[in-house]
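To keep things clear, I will list the structure first and then write my remarks on it.
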Amino acid sequence: MTGSVLLGMLAAIVAVWALAALASVRALAGGPPIYDRLGRGGALAGVAALAATIAALWLTLDRPPLRTLGETRLWYALWLVGLGCLLEWRLRTRALRLPMLAMGALFLGLDLWSPAALDRTLMPALASPWFVPHVTVYLAAYAVLGLSCGAALTALWRRRGQPLRDEDLRLPLLLVHLGLPLLTCGLCFGALWAKEAWGHWWAWDPKETWALLAWIGYVVVIHHVRRPAARPRGTLLLIAGAFAVLLGCWYLVNLLPSAQVSVHTYAVEP
Amino acid sequence: MTSAEPAAASEPAPAGGFWLTRWSYAQATALVGGLCGAAWAAQAVAGTLAVALPPPPWNWTVACGPFLALAVARWLRPRSLLLDNLGGIPVAVLSLVALALFASPVAIWKEGPEAPAWLASLGLAHPLSTLPFAVALALVMANLALCTARRLQRREPGWIRFAVLHTGLLTVLAAGAAGTASLERARVVLTEGAGFSALADRGGRPLALPVELALDDFVLESFPPRAAVARMRPGGWDVVTAETFLGPDARVAVAGLTLAVREWLPGAAVIDGRPTAFAETGAGPAARVAVTAADGGALGEGWLHAPSAYGEPLFLALPDGRALMMEAPRPRRFASRLRVREGGVERPYELVVNRPLHAGGWVFYQTSYDERLGAASRTSVLEAVEDRSLPVVYVGIFLVLAGIAAHLWHAAAAVRPPERAP
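Read top to bottom, the protein sequences are chains F and R. For the first sequence, the residue numbers in my numbering are 1 to 270. For the second sequence, the residue numbers in my numbering are 1001 to 1422.
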């Protein structure tokens, strides 16, 4: 697989998901069932194609494609739409369809916007059995929590100007309760790996600190909502705010002054 | 994770004043904000005040004693409104927010001498050693101790997974705090053929380790080199690197060009601007390449060689102003082949990143080498760490993992369609 082939695959998947999103909009607006089936089928087809693309990339690079920001976006989109389809089926809801397709297409679109050359090298510090579990658990957590943010914003949009009900909170909170344990596992795996690699299980590296801030954000959410006086709108806004901090951990940290002293900043993409 | 208190209070809230009631965010903000604010004011005035735990064994007493005492007090006084409130959700939320606030400078700016002047003027040049950070951390730990004790006492639904998770969190925090006072770190520099050494550098002070190490050989394996095309622009260079490696008879595409390797020297030294085969460790490869444009037109031919210990770099100037060069081979793996002498017994050990050496109660990590020489480096730099709190930290981490797995299982069981009304 070459870089141009990869970009071609991503462009095709983005197109399929964009069409699936349009079909889903039609279905949600009361269109015939064929549109709903097209939307679901398009989402699944994109997931299958993306999984095959990642597998081909893994074979081409001869290393797990988890090193650069662009590579992590591929996994994020895969988990996002894959888990979104699974939850959609299990919960018998279409509330996740548009958020997952929109975010999945957006994150793959970022790879198209800022393509990076394929790089087969892997620095020695990443040659560890912890590399794959640590990063994939984190990306799965990001995906579930991204869906929670999407569900929260969707609820706020649909109920704009109207009072929110407790059932509007059910899906976003369920996703937070699924994503936070994954986030915690990622944090713990990182600590165990860091001890084996560097000798410090927690070094207050800027990336680690942002990860802790994001974790604290979601811990605040699940505790706040247990208060009888907690208002649904405030809780949904908290969920969105916590995801913003999580995006800071993923992206913003690479741009801050502290990035110069971090061992976690992603390889600079030409 | 479940809350520190059930969604519906089981006992009526006593009335009377701002404090003598079941606390909401108002009281928690006043408490947490007041304590942290006072600590911050003291920090800003004192400037260089740095909080540190006493040396062992008192570090464990300070890190664990107050919180164990709170838990016992909660057990003995189950109806104490104060302890109930201190272990409640509002204090949990506000203390976590305070902890995040005082840790956030580390996430954004550099610390120490390179911290922004305004941050230093607030006494936060070293945010993690400050009094407000310590106060916020203590409040979080106090809250954990109290809510866990309460949950153990009342055996409310989900109390086992709650207790396991929160005990794990408290254990990690306490052991981490205690560990800061007992952690020993030292730098060990070994040179090939210099014999056994037990000397280490602990921040400029010499330290004699209980283990002797000798470096027999430093090994560096690299990926093959890649070609790169560079174009100068105002303020720097734009560099495009090839996706495939250079090698004998390779054909590589980069930046619209095709490179065909005509001649390959696996190890080369550059003498008078020309590469010569040189089979010494650290001598990087050289490649004579023919460059053709996208339309098939020949653009030139010449030698490429990355900068190394054995000669200057060789590059090819292209007619369009770009330069074709060889990127320095990136390290794939580096290792120190050691002999370890401990208690009169000698053994070999190959020390690699992610596979540290455990000896004499210390753990040795491969950190770096003389990067100017690359594979020719005869120096290896290790870090020696003695962390007596580590076993307790690991217990805490595994309790957290067990508790969080239970919570994930519980949450996954709730992934089902909403119940329909009959």
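Just so it is clear, CB atoms sit at the ideal spot from N, CA and C, and this is done for glycine as well.
Which same chain residues end up closer than 8 Å to residue i when comparing Cβ atoms and leaving out the 5 residues on each side of it in sequence?
i	result
ASN1271/R	It is Ile, not Asn, that sits at residue 1271/R in the sequence shown. So the qualifying residues of the chain are GLY1311.
SER1080/R	ALA1073 and ARG1074
CYS85/F	ARG40, ALA43, LEU44, VAL47 and MET100
LEU96/F	GLY84, LEU87, GLU88, LEU147, GLY150, ALA151 and LEU171
TYR251/F	LEU69
Any idea which residues DSSP pairs residue i with across the strands?
i	result
TRP1023/R	According to DSSP, which records beta bridges pairwise, TRP1023/R is partnered with nothing at all.
GLN1366/R	LEU1382/R
VAL1219/R	ALA1335/R
TRP1264/R	ALA1287/R
HIS1358/R	VAL1363/R
TYR1349/R	LEU1338/R
LEU967/R	Because chain R here runs from 1001 to 1422, residue 967/R falls outside it and cannot be looked at.
VAL1400/R	Answer is none; VAL1400/R lacks a bridge partner.
ILE1271/R	ARG1274/R
THR1191/R	THR1379/R
SER1308/R	GLY1311/R
MET1232/R	TRP1237/R
TRP130/F	Paired residues: none, contrary to the question.
ARG165/F	Note: ARG165/F sits in no beta bridge, so no partner.
TRP1303/R	ARG1288/R
ARG227/F	Beta-bridge pairing links ARG227/F to no other residue.
Quick one: what's got a C-beta closer than 7 Å to residue i's C-beta in the same chain, skipping five residues either side?
i	result
LEU1265/R	PRO1275, ALA1277, PRO1285 and ALA1286
LEU78/F	VAL47, LEU50, ALA51 and ILE54
ALA1038/R	none
GLY1403/R	ARG1161, VAL1164, LEU1165 and GLY1168
SER1095/R	VAL1032, ALA1136, LEU1139, VAL1140 and ASN1143
SER1308/R	GLY1282, ALA1283, GLY1284 and GLY1374
ARG159/F	ASP168
ALA240/F	CYS149, ALA152 and LEU153
ALA1255/R	VAL1229 and VAL1240
ALA1198/R	ALA1208, LEU1209, VAL1211 and GLU1212
PHE189/F	TRP130, PRO133, HIS134 and VAL137
LYS195/F	TRP201
PRO1054/R	VAL1062 and ALA1181
GLU1005/R	For GLU1005/R, the predicted structure reports a pLDDT of 43, less than 50, and the residue's modelled location is therefore unreliable. A value from the coordinates is still provided. Excluding sequence neighbours, GLU1005/R sits near GLY1088 and ILE1089.
Can you find the residues in the same chain that come closer than 6 Å, C-beta to C-beta, to residue i, ignoring five residues on each side of it along the sequence?
i	result
LEU183/F	ALA141 and TRP215
ASN1085/R	TRP1023
PRO115/F	LEU7
GLY1267/R	PHE1278, ALA1279 and ALA1283
THR1281/R	ALA1375 and ALA1376
GLY104/F	TRP17, ALA77, LEU80 and VAL81
GLU1243/R	none
VAL135/F	LEU66
LEU1098/R	Note that residue 1098/R is Ala in the sequence shown, not Leu. Excluding positions up to five away in sequence, the list reads VAL1032, CYS1036 and ALA1136.
LEU1152/R	ALA1163
ARG1330/R	PHE1223
Is there at least one Cβ from chain A nearer than 8 Å to residue i's Cβ?
i	result
ALA1287/R	Among the protein chains of the structure shown, namely F and R, there is no chain A.
If distances are taken between C-alpha atoms only, which option among the options comes closest to residue i?
i	options	result
ALA1136/R	TRP1109/R, GLN1153/R and VAL1093/R	VAL1093/R
LEU1101/R	ALA1115/R, PRO1210/R, LEU1128/R and VAL1415/R	LEU1128/R
HIS1445/R	LEU1152/R, LEU1139/R, GLU1212/R and ALA1250/R	Because chain R in this structure spans residues 1001 to 1422, residue 1445/R falls outside the shown range and cannot be described.
ALA1063/R	GLY1203/R, ALA1200/R, ALA1194/R and ALA1138/R	ALA1138/R
TRP1409/R	ALA15/F, LEU178/F, GLY31/F and MET9/F	LEU178/F
GLY1033/R	LEU1382/R, PRO1057/R and PRO1090/R	PRO1090/R
VAL1340/R	ALA1317/R, LEU1146/R and PHE1364/R	PHE1364/R
ASP62/F	ARG1416/R, GLY1158/R and PHE1245/R	PHE1245/R
ALA1412/R	VAL220/F, ALA43/F, LEU173/F and ASP205/F	LEU173/F
ASN254/F	ALA211/F, PRO228/F, PRO232/F and LEU237/F	ALA211/F
GLY109/F	VAL245/F, ALA11/F, LEU247/F and GLY190/F	ALA11/F
LEU1257/R	GLY1302/R, LEU1020/R, VAL1172/R and ALA1290/R	ALA1290/R
VAL221/F	LEU38/F, LEU180/F, CYS249/F and LEU19/F	LEU180/F
Next item on the list: Pair every Cβ in the stretch 116 to 131 of chain F with every Cβ in the stretch 146 to 163 of chain F, then say whether three or more of these pairs are closer than 8 Å.
Entry: no
Margin query: Please list, in chain order, the residues of the stretch 1118 to 1130 of chain R that have any C-beta partner in chain F closer than 8 Å.
Written below: Contact annotation: in the stretch 1118 to 1130 of chain R, residues whose CB is within less than 8 Å of a CB in chain F are LEU1128.
Notebook entry, point to check: Would you call the stretch 48 to 56 of chain F and the stretch 69 to 76 of chain F in contact, with 3 or more CB pairs under 8 Å?
Noted result: Short answer: they touch.
Margin query: Under 8 Å, CB to CB, which of the residues in the stretch 1325 to 1345 of chain R have a partner in chain F?
Written below: ARG1330, PRO1331, ARG1332, ARG1333 and PHE1334
Note to self: Quick check: the stretch 254 to 261 of chain F against the stretch 1107 to 1119 of chain R, are at least 3 beta-carbon pairs closer than 8 Å?
What the structure shows: yes
Notebook entry, point to check: Touching or not, the stretch 1234 to 1248 of chain R and the stretch 1390 to 1399 of chain R, by the rule of three or more beta carbon pairs under 8 Å?
Noted result: No: fewer than three Cβ pairs fall under 8 Å.
Notebook entry, point to check: In chain order, what residues of the stretch 23 to 39 of chain F put their CB closer than 9 Å to some CB of chain R?
Noted result: Answer in chain order: no residues at all.
Margin query: Assess contact between the stretch 1312 to 1325 of chain R and the stretch 1343 to 1350 of chain R, defined as three or more Cβ pairs (one per stretch) separated by less than 8 Å. Is contact present?
Written below: Segments in contact, no.
Item checked: Interfacial residues, the stretch 1076 to 1103 of chain R to chain F, with Cβ spacing under 8 Å -> ILE1089, PRO1090, ALA1092, VAL1093, LEU1096, VAL1097, LEU1099, ALA1100 and ALA1103
Notebook entry, point to check: Between the stretch 1297 to 1305 of chain R and the stretch 1181 to 1197 of chain R, are three or more C-beta pairs nearer than 8 Å?
Noted result: no
Check: Do the stretch 1117 to 1133 of chain R and the stretch 1145 to 1156 of chain R meet, that is, are 3 or more Cβ pairs less than 8 Å apart?
Finding: Flag = no, the stretch 1117 to 1133 of chain R and the stretch 1145 to 1156 of chain R do not touch.
Notebook entry, point to check: What residues from the stretch 1367 to 1390 of chain R come within 9 Å of chain F, judged by C-beta to C-beta, listed N to C?
Noted result: THR1367, GLU1383, ALA1384, VAL1385, ASP1387 and LEU1390
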